[in-house]
Amino acid sequence: MSSKFIGITGLALVVLAVTAFGSLYTVNQIQQAVVFQFGKPIRIVTEPGLHVKMPFVQNVDYYDKRVLDFNLPVQEPITDDQKKMLIDSFARYRIVDPLKVFQTVRTEAVIRTRIDGLINSAMRNVVGNVPLTSLLSKEREQIMLDIRNQVNGEVAQFGIEVIDVRIRRADLPSQNSQAIFERMKSQREQAAKKIRSEGAEAAQRIRAEADKNRTVILAEARKKGEILRGEGDGAKNDILAKAYGKDAVFFDFYRSMQSYRSALGSDGTTMVLSPDSEFFRYFNQSIEK
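Numbering (our numbering), first residue to last: 1342 to 1630.
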């Protein structure tokens, strides 16, 4: 075997190895790829593993398919009640269409620049329509959701989806915070005073109504009692009249006994009467017998 043959064989093996190596590429778990042929995209590969391409005429660009974090610069939007805010936030996004990314923004740096600008614009728009108190309350969650939705309406054209926009801190500039705090405190105190005043007025109104109802109820009860008492006295008189009609002597005796019990029933009762008084007629009759 000549040295020339060995050289040709070795060269062929090298070319074959280079060709074989150039025809294979790997996509790992966190990647997605765009395959180009003569500089034009021809397919998107999202499945991880070993893949084949045409050597020398096809090349591959890789894009991350994980959810990525992006710390945003501090924004300075103005609220609906004209309060300048300092908002520290971050975004989480992912590439959902690597072909669109290649056709529009291409690089990670440009992606982040676009997201930064769009979030800044959306934050100024959303925060500009809410008062300061909304940023400091549970309404902040809805504010972040509104910012995310507005940004997603713009970044879809770049093949990107913003998963979340989070506000870490929302502060007032140091030179304004104390004055605004005092103003808010004064407003809350005025609101509390108004609520207490309205509560006291309502309580007084309820008490007056209750007193009025009490007076009416007592008056009606007294009236009903007088009516019942009158009816009872009338019935009593009817009964007594009937009894008197049946046995006048006994009825007169019974009435006298009732009078004795009423007049003499209490201890220490002193009466000055003539022995011949009509009041003692039944006593006199008893003595005579």
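Beta carbons: idealized from backbone N, C-alpha and C, even for Gly. Just so it is clear, the structure is predicted and the values come from calculations on it, not from any experiment.
Grouping DSSP H, G and I as helix and E and B as strand, with all else coil, what is N1400?
In the structure shown, N1400 sits in a strand (DSSP, three-state: E or B).
T1367 lies in the beta strand (DSSP E); which residues open and close that run?
1365 to 1368
Nearest CA to the CA of V1386: which residue from Q1378, V1401, P1396, G1380?
V1401
DSSP three-state label for K1381, please.
If DSSP states are grouped into helix, strand and coil, K1381 belongs with the strands.
Beta bridge counterpart(s) of G1390 as assigned by DSSP:
V1368
Contacts around V1437, its chain only, beta-carbon distance under 8 Å, and the 5 residues preceding and following it disregarded
Within its own chain, the residues whose Cβ lies closer than 8 Å to the Cβ of V1437, once the five positions on either side in sequence are excluded, are G1500, I1501, E1502, listed in chain order.
C-beta atoms of V1506 and A1450 nearer than 8 Å:
no
Work out the CA separation of Q1528 and K1424 for me, nearest whole Å.
16 Å
Is it buried or exposed, K1406, if we count other Cβ atoms within 10 angstroms and call 16 or more buried?
buried
With distances taken Cα to Cα, identify the nearest neighbour of L1473 among I1428, L1440, Q1498, V1446.
I1428
Could you say if the segment 1486 to 1494 and the segment 1457 to 1465 meet the contact criterion of at least three C-beta pairs nearer than 8 Å?
yes
Can you tell me which of the three DSSP states V1467 falls into?
helix
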